[in-house]
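Student: Numbering (the working numbering), first residue to last: 1186 to 1341.
Note that beta-carbon positions come from the ideal geometry of N, C-alpha and C, so glycine has one too.
Model, not experiment: these values are computed from the prediction.
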């Protein structure tokens, strides 16, 4: 007889910025047998283009890092919020996004992880040299407002 077991995943189980997939069964005959299979998930936590990576590194410093959050605001529900935070004050539950060399590039608020899973972040600088913006391509968005600033998440 097998019963379901809930497995809570902490940030220590992330591998290369991807969520692991777990299988776990509990057998009640001669004790408890539990196994976990960790495989690379299909969705990466974030996908940063070279331009976005360059700009985030330019903004960050040894003492401060860019933090990506989601706030309730706007006509459609949520907006992205990117701020500089002191590295020493990062919440232990937040997730660090690492580059190919394992360096911390940015931190994702723990409450925003499931909202931004699989999001591509690009950076665009306009020819006028005055305006620039980060562009988010999020596969979890169900709808967004006409101005493109706020969005709502698809229910899974």
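Is the distance from the Cβ of residue 1266 to the Cβ of residue 1254 below 7 Å?
Tutor: Yes, Cβ-Cβ distance for residue 1266 and residue 1254 is below 7 Å.
Student: Roughly how far, in whole angstroms, is the beta-carbon of residue 1241 from the beta-carbon of residue 1290, given that I think they are within contact range, below 8 Å?
Tutor: About 6 Å; that satisfies the 8 Å criterion.
Student: Looking at the structure shown, is residue 1235 part of a helix, part of a strand, or coil, going by DSSP?
Tutor: Reduced to three states, the DSSP call for residue 1235 is helix.
Student: Do you know whose CA, among 1230, 1235, 1258 and 1268, lies nearest residue 1245's CA?
Tutor: The shortest Cα separation from residue 1245 among 1230, 1235, 1258 and 1268 belongs to 1268.
Student: Helix, strand or coil for residue 1241 per DSSP?
Tutor: It is helical.
Student: What is the DSSP secondary structure of residue 1298, counted as helix, strand or coil?
Tutor: The answer is helix: DSSP assigns residue 1298 an H, G or I state.
Student: Just list the beta strand (DSSP E) runs in the stretch 1255-1301, keeping only unbroken ones of 3 residues or longer that don't cross its boundaries, in chain order.
Tutor: The qualifying runs are 1263-1271, 1280-1283 and 1289-1293.
Student: When the Cα of residue 1247 is compared with those of 1322, 1328 and 1288, which residue comes out closest?
Tutor: Ranking 1322, 1328 and 1288 by Cα distance to residue 1247 puts 1288 first.
Student: Can you grab the Cα-Cα spacing for the pair residue 1335 / residue 1321, in whole Å?
Tutor: Looking at the two C-alpha atoms, the distance is approximately 11 Å.
Student: CB residue 1338 to CB residue 1300, shorter than 7 Å?
Tutor: Result yes, Cβ atoms of residue 1338 and residue 1300 sit closer than 7 Å.
Student: Using only CA atoms, which one of 1252, 1262 and 1284 lies nearest to residue 1276?
Tutor: The shortest C-alpha separation from residue 1276 is found at 1252.
Student: Which value, in whole angstroms, describes the spacing of the CA atoms of residue 1262 and residue 1232?
Tutor: The alpha-carbon atoms of residue 1262 and residue 1232 are separated by roughly 23 Å.
Student: Tell me whether residue 1337 sits in a helix, a strand or coil according to DSSP, three-state version.
Tutor: It is a strand residue.
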